[in-house]
Structures are given as structure tokens and as C-alpha cells.
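Sequential numbering of the sequence shown, starting at 2, is according to the numbering used here.
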Amino acid sequence: MRNSNVKPNDYTFTSLLSAYTGNGFLVQGRIAHSQIILMGFDSYTDISNALISMYSKCGDIKDAVFRFETMERRDIVSWNSMIAGYSLHGLSEKAIKLYEKMQKLKLKPDSITFLGILSSCRHGGLVEISRHCFNLMLENGVKPDLDHYSCMVDSLGRAGLLEEAKVLIEEMPVTPNAVIWGSLLSSCRLHGNVAIGIHAAEKRLLCEPDCAATHVQLSKLYAIAGQRDQTVRIRKLMKDRSLKTNPGYSWIEIKNEIVSFGVDDGSNMRATEIFDVVDSLVENMNSSVYVPNLHEGIEGLEL
């Protein structure tokens, strides 16, 4: 486009920032931001919203906050993007306080706002605020969708309220998907509830019958429950369907180079040193666990 002397507009930059956001390209996003400033698009609300999303999703929450706080005009997308950014970085209390600021300014939250708050609460262990927020949605005519229910189920599940989470799923006005049943299954594994775990795994298989990982988890749960015949049945299903679990891979950008790594990968010659460092980091995190204030902010959550 630049070589053709075609001048970009605000839609060009929002699309470009969206692409960088989806791939985690922070450096390229900064370069685009500098071009935005040079070409005079810095005051455009839609571009500022895209920058907030780009910075927060690419790991730079400080620049996301700065962009939000220095905006000339904000719309509901601006507030939602910043709340989502705080949620992504585990800053639950900041997300809630930003929502409270919206209330003081008489700004009406939408379903995306509530999704950001619910997501913040589930990551922060704020189950009471999750309940309060979810009830506010229902009371004020904001219809929850699968994503809202997924957050609520995950929040209850992480808190060990597995029966309540199961009842919520069963009473949903929409059909639960594999993600929701998978969330309950993960919580059952975390808290050691075999019975509900089996129920969740069986339901998830109805949604995704070719999911090898769920077959393996269900097989293990039946084995723990002493139901050998069911364990054999599940493993036979996997064999008949030629299902195999795929190894998990992740990637990170280091000095402009993409480095990928797999689960339990011991091929690196310094693997022992790497695992020792990881163990040290885990030990350090466990010794300095952050305990959130579960009650702060709940009184202010209203419409």
C-alpha cells in the first residue's frame, strides 16, 4: 500500500493492529503506533481502542492504561477493552474499580462489560462478586450467553462449588457446549470429585465425540472409581476411532525470533537446568501467594 502511494485511513490501522494483537507482535504494534501518531490518527477513538487491546494482549498493560487514561473521548468499547486488559493480567480489583468508575459516570454497561468483570472474578477467585455480577445481569435484562455462563461455571468450579456449577449448567436456557463441560471437568480434577467429573466428561464427549484428551481423562476417572468395565469401554472407543492425544506446544518471541517448545520436551541439552529454574520459580510463587480481598468492591457493584 505504501509503495503504491495509497494513503491508509483509520480502518487500515485498526485492521493492522488487530492482526498484530492476534499474533502477539508487540514490537510491530509499537511501530504501527508511531505511524499512527505521525499521520495524525492518534485522537481517533476506534484506533485508541485497538491500541488498548493490542498493548494489553501483547503483554504491556502499562502502555494500555496510559493509552486509556490519555484518550480525548471514550466510548463503551474503550471501557470494555481496559476492563478486559486488567482481567487478562490478573488485576481483578482494578477491573472492578474501573467498573465502579463507569457507574459513577452513569455509563450503562453491556454484555461485554459484564463478561470482562466475570472473567476477572474467576481468575481472582472472587466467587461472591461473580454471583453478584451475574445476578445483576439477570435483574437488569442483560441476557447471558455461553461465555458468561462459562465464566460463572469456572468461577464456581475453582472455588470447589462443583454441585452448584453442575446445577447452573443443567438450568441454563441455552445448550451448554464442550467448553463449559470441560471447565467443570477441570475443576473436578482439581478438587478430586470423581462422580461429577465422570458426568462432565461424558457430557463433553457428546459435544466433541472425537476429542482424544477427554477420552483419556474419562478413562482415568473410571479407573479411579474402580469401574474397570467402563475404562475398557472408553479405551476401546479410542482404538476403534483411531484417536490419539497430540502433544502440547507453545511458543515465545525472544529477540525477534519465534521459539517453540513442547510438553515434557527433554531434547534441549540444558533441560535439567531449565527444569531446575522452573521448579525454583514455582516454589517462589507458592511461598508468596497473593490472597485477594474477596469483599472489597462488592457493595459498589450495581447498575
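Glycine residues also receive a C-beta, built at the ideal position from the N, C-alpha and C atoms.
Checklist entry - Which same chain residues, not among the five before or five after S184, have their C-beta less than 7 angstroms away from its C-beta? => result Once the five neighbours on either side are set aside, the close Cβ partners of S184 are S151, V154, D155, G158.
Item to check | Neighbourhood of V78 by C-beta, 7 angstroms cutoff - its chain only, sequence neighbours within 5 removed | outcome: N50
Item to check | Pair within 8 angstroms by beta-carbon distance, C189 and L163 | outcome: yes
Item to check | Uninterrupted alpha helix (DSSP H) stretches inside the stretch 70 to 125 (no shorter than 4 residues) | outcome: Counting only unbroken stretches of 4 or more residues, the alpha helix (DSSP H) elements lying wholly within the stretch 70 to 125 are 77 to 89, 93 to 105, 112 to 125, in sequence order.
Checklist entry - Do the stretch 48 to 63 and the stretch 17 to 28 meet, that is, are 3 or more Cβ pairs less than 8 angstroms apart? => result yes
Item to check | Beta-carbon separation (whole angstroms), V175 vs L147, contact threshold 8 angstroms | outcome: 6 angstroms
Next on the checklist: By the DSSP assignment, the alpha helix (DSSP H) with F276 in it spans what residues?
Outcome noted: 272 to 288
Item to check | Burial state of V233, where buried means 16 or more other Cβ atoms lie within 10 Å | outcome: exposed
Checklist entry - Nearest-angstrom Cα distance between F67 and I199? => result 47 angstroms
Item to check | Distance cut-off 7 angstroms: A65 Cβ against heavy atoms of the ligand ZN | outcome: Among the components of this structure there are no ligands whatsoever, and the ligand ZN is therefore not found.
Checklist entry - Excluding five sequence neighbours on each side, which residues of the same chain lie with their C-beta closer than 8 angstroms to the C-beta of D111? => result Correct list, in chain order: I77, N81, V143.
Item to check | Beta bridge counterpart(s) of G25 as assigned by DSSP | outcome: DSSP, once it has assigned bridges, lists no residue as partnering G25.
Next on the checklist: Let me make sure I understand the geometry here. Which of A224, G41, S243 has the alpha-carbon closest to that of C212?
Outcome noted: S243
Next on the checklist: So, with DSSP's three-state summary, where would you put E172?
Outcome noted: coil
Next on the checklist: Looking at A160: is its Cβ nearer than 8 angstroms to the Cβ of G126?
Outcome noted: yes
Item to check | Buried or exposed by the 16-neighbour rule on C-beta atoms within 10 Å, applied to S261 | outcome: exposed
Checklist entry - How would you label G41, buried or exposed, when you count the other beta carbons within 10 angstroms and need 16 or more for buried? => result exposed
Checklist entry - Is the distance from the Cβ of L219 to the Cβ of A202 below 8 angstroms? => result yes
Checklist entry - Where are the alpha helix (DSSP H) runs, 4 residues long or more, that stay fully inside the stretch 187 to 217, in chain order? => result Qualifying alpha helix (DSSP H) stretches, in chain order: 195 to 208.
Next on the checklist: Suppose contacts are defined by Cβ-Cβ distances below 8 angstroms. Is G91 in contact with H124 by that definition?
Outcome noted: yes
Checklist entry - What is the C-beta distance between I84 and T46, in whole angstroms, given that I count them as a contact (C-beta under 8 angstroms)? => result Incorrect: roughly 16 angstroms between the Cβ atoms, too far for contact.
Item to check | Among H216, N6, E172, V195, the one whose alpha carbon lies nearest that of G227 | outcome: V195
Checklist entry - Looking at C-alpha atoms only, which residue of D230, S88, M239 is the closest neighbour of L206? => result M239
Checklist entry - Looking only at its own chain, which residues have a Cβ that is under 8 angstroms from the Cβ of M72, when we skip the five neighbours before and after it? => result Here the set comprises T46, S49, S79.
Checklist entry - Who are the near neighbours of Y88 in its chain, counting only those whose CB is closer than 7 angstroms to its CB and skipping five residues on each side? => result Position check: residue 88 holds Ser in this sequence, whereas Tyr was assumed. A96, G117, S120, S121, H124, listed in sequence order.
Checklist entry - Looking only at DSSP bridge pairs, what is F262 linked to? => result DSSP lists S251 as the beta-bridge partner residues of F262.
Checklist entry - Does the separation of the CB atoms of I37 and F14 fall below 8 angstroms? => result Yes, the pair counts as a contact, with Cβ atoms nearer than the cut-off.
Checklist entry - What span of residues does the alpha helix (DSSP H) with Y56 cover, start to end? => result Annotation for Y56: the continuous alpha helix (DSSP H) segment containing it runs 46 to 58.
Checklist entry - Buried or exposed: where does D64 fall if 16 or more other Cβ atoms within 10 Å of its Cβ makes it buried? => result buried
Next on the checklist: So, with DSSP's three-state summary, where would you put F42?
Outcome noted: Correct three-state label for F42: coil.
Checklist entry - Smallest Cα separation from I225: which of N24, L99, G193, L108? => result For the residues N24, L99, G193, L108, the minimum Cα distance to I225 belongs to G193.
Next on the checklist: Taking the alpha helix (DSSP H) that R234 belongs to, which residues open and close that run?
Outcome noted: 229 to 241
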